[in-house]
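S.K.: The opening position of the sequence shown corresponds to residue 11 in the working numbering, with each subsequent residue numbered one higher. Here a beta-carbon is modelled for each residue, glycine too, at the ideal position from N, C-alpha and C. Starting off with a structure, shown below.
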Amino acid sequence: MAYTQPADYQQRPILIIGAGTLGRRIALMMAAGGGEVRIFDLSEEQRGKAKDFIEEQLPKLLEKFKTGSKGTITLSDDLAKAAANAWLVFEAIPEKLDLKKKIFSDLDRLAPADAILASNSSSFPSSQFIDHVSDAGKARVVNTHFYMPPTQNAVEVMSCGVTDPAVISTLIKTLPSLGGLVPFEVHKESVGFIFNRVWAAIKRECLNVVATGVSTPQDIDKIFLVNTGAPFGPFREMDQVGLDVILAIEEHYAELTPSLPAGPRELLKKYIAAGKLGVKSGKGFYEDYPDAAKKH
Ligand SMILES: NC(=O)c1ccc[n+]([C@@H]2O[C@H](COP(=O)([O-])OP(=O)(O)OC[C@H]3O[C@@H](n4cnc5c(N)ncnc54)[C@H](O)[C@@H]3O)[C@@H](O)[C@H]2O)c1
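If you want it as structure tokens, here you go:
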């Protein structure tokens with residue numbers, strides 16, 4: 011049976027799978043749309059932290075984004091119940107291919123047949139994890155790649171190769187009404203998204219400059235700010251994302267392009283081995299995040 015888009019989506023919930031750094035931020039943006047937002051995560055602690063984060067951030071987001079309204083957040087550890095009647099599902103679980111394959115296969119079975127199934131994977135095109143999705147279901151799978159909302163609000167939307175074009179146009183049309191997101195269509199399937207590919211090259215070279223003893227994270231951020239006028243530098247940004255996440259992404263690029271330098275990955279591994287994962291562990295390239303780590 012051919013895939014048919016959800017017609018009555020305004021009345022139906024949005025489901026977020028994974029309540030970590032990105033999942034809770036996607037949930038926040040969806041909650042500014044005023045509808046029901048469900049969060050599914052295996053960890054009770056992560057579900058609770060996501061809810062606290064959204065309750066703290068949503069009033070500020072609504073104040074800034076004048077046309078939104080406060081949605082409701084429900085937490086779940088039961089995927090079948092969480093997926094029931096959802097019209098849109100965002101997956102934000104760890105960047106591991108086997109996990110992504112499993113969750114998309116489960117969602118294909120458990121979500122309504124018309125629900126849009128969107129991944130937030132940074133480095134795997136969604137065509138790589140739809141092997142166990144039914145043929146009809148593949149047309150509703152899409153990559154929607156978020157950055158760091160509510161401050162970095164670009165979202166890239168990319169086909170899985172067989173995504174129904176109507177899914178992409180629905181998302182491009184709907185996302186601006188959800189917390190002021192700014193969607194961009196990726197015109198061709200790509201390993202790495204538009205901004206990520208550019209930013210990965212910048213981060214890799216910054217890490218290489220430190221790995222080869224030429225400068226320090228702090229000086230590189232400072233020179234970046236002085237010369238570009240950006241509000242923060244690459245090392246602050248990497249701390250925010252999580253150095254384990256940065257390493258996983260870089261390892262994936264290196265698998266595809268073995269000529270990439272190893273120094274950036276070695277440097278990240280040293281920080282990770284020392285328990286310095288960035289904001290989420292209280293320390294990373296910078297060591298001034300003790301309060302943020304408690305909330306993370
Ligand atoms: N961190 C970023 O800045 C960023 C940016 C863009 C995209 N992404 C992508 O978003 C995804 C999530 O990254 P993150 O940084 O939020 O990770 P994270 O480690 O902060 O969070 C992952 C969450 O998933 C939960 N989880 C693990 N397995 C699960 C399962 N099977 N079912 C339900 N929940 C499960 C964990 O408990 C955790 O709360 C990755 O694919 C990553 O590449 C991350």
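In three-state terms, what does DSSP make of T293?
M.R.: Looking at the sequence itself, residue 293 is Lys, so the reference to Thr does not match. K293: strand per DSSP, three-state reduction.
S.K.: Less than 6 Å between C-beta atoms, sequence neighbours within five positions excluded: which residues of the same chain meet that for A16?
M.R.: Rather than Ala, the amino acid found at residue 16 in this sequence is Pro. Closer than 6 Å at the Cβ level, and outside the excluded window around P16, lie W97 and D124.
S.K.: Would you call the CB atoms of L191 and A93 closer than 8 Å?
M.R.: It is not a contact, given that the beta carbons lie outside the stated cut-off.
S.K.: Could you check where the alpha helix (DSSP H) with L85 kicks off and where it finishes?
M.R.: Not the alpha helix (DSSP H): L85 falls in the beta strand (DSSP E), residues T82 to S86.
S.K.: Taking the continuous beta strand (DSSP E) assigned at L127, which residues delimit it?
M.R.: Here the beta strand (DSSP E) through L127 covers I126 to S129.
S.K.: Any heavy atom of ligand 1 closer than 7 Å to the Cβ of E105?
M.R.: Because some heavy atom of ligand 1 lies under 7 Å away, the Cβ of E105 counts as near it: yes.
S.K.: For A283, count the other beta carbons within 10 Å of its own beta carbon; 16 or more makes it buried, fewer makes it exposed. Which is it?
M.R.: Counting Cβ neighbours within 10 Å, A283 comes out exposed, since fewer than 16 surround it.
S.K.: I believe E199 touches P135 by the beta-carbon criterion, under 8 Å. Please report the beta-carbon distance rounded to the nearest angstrom.
M.R.: Correct: roughly 5 Å between the Cβ atoms.
S.K.: Output the boundary residues of the beta strand (DSSP E) element that contains A176.
M.R.: Here A176 belongs to no beta strand (DSSP E); instead the alpha helix (DSSP H) covers P175 to T184.
S.K.: Going straight from the alpha carbon of H155 to that of E54, what length do you get?
M.R.: Whole-angstrom Cα-Cα distance: 25 Å.
S.K.: What three-state label does DSSP hand T154 in the structure shown?
M.R.: The answer is strand: DSSP assigns T154 an E or B state.
S.K.: My guess is that A210 and E276 are in contact by the Cβ rule of under 8 Å, so how many angstroms apart are they, rounded?
M.R.: Rounded, the Cβ-Cβ distance is 17 Å, inconsistent with contact.
S.K.: Determine the DSSP secondary structure at L109, reduced to helix, strand or coil.
M.R.: Looking at L109 - three-state DSSP - the assignment turns out to be helix.
S.K.: What is the rounded straight-line gap between the Cα of D116 and the Cα of G223?
M.R.: Rounded to whole angstroms, D116 to G223 spans 47 Å at the Cα level.
S.K.: Would you mind working out which of I36, S291 and P104 sits nearest T161, comparing C-alpha positions?
M.R.: Residue I36 is the option with its Cα nearest to T161.
S.K.: First and last residue of the beta strand (DSSP E) that includes V165?
M.R.: It spans Q162 to S169 - the beta strand (DSSP E) in which V165 sits, taken as one unbroken run.
S.K.: Just to check, is the beta-carbon of M158 closer than 7 Å to a non-hydrogen atom of ligand 1?
M.R.: Checking the Cβ of M158 against ligand 1 gives yes.
S.K.: Taking only the alpha-carbon atoms, compute the straight-line gap between Q228 and N163 and give it to the nearest angstrom.
M.R.: Their backbone Cα atoms lie some 26 Å apart in a straight line.
S.K.: Report whether the distance from the Cβ of I230 to the nearest heavy atom of ligand 1 is below 7 Å.
M.R.: Not under cutoff, so the answer is no.
S.K.: By how many angstroms is the C-alpha of E261 removed from the C-alpha of L270?
M.R.: Going from the Cα of L270 to the Cα of E261 covers about 10 Å.
S.K.: Looking at the secondary structure, which residues open and close the beta strand (DSSP E) in which P193 lies?
M.R.: V192 to V196 is the extent of the beta strand (DSSP E) around P193.
S.K.: Is L127 closer than 8 Å to V99 when the C-beta atoms are compared?
M.R.: Taking 8 Å as the Cβ cut-off, V99 and L127 qualify as a contacting pair.
S.K.: Quick check on S200: does DSSP put it in helix, strand or coil?
M.R.: Coil, per DSSP.
S.K.: Output needed for D174: all residues of its chain with C-beta closer than 6 Å, excluding positions within five of it in sequence on either side, in chain order.
M.R.: Same-chain partners within the cutoff: Y13 and A149.
S.K.: For D254, collect the residues of the same chain with a Cβ closer than 7 Å to its Cβ; drop the 5 residues on either side in sequence, then sort them by chain order.
M.R.: The residues are I282 and L287.
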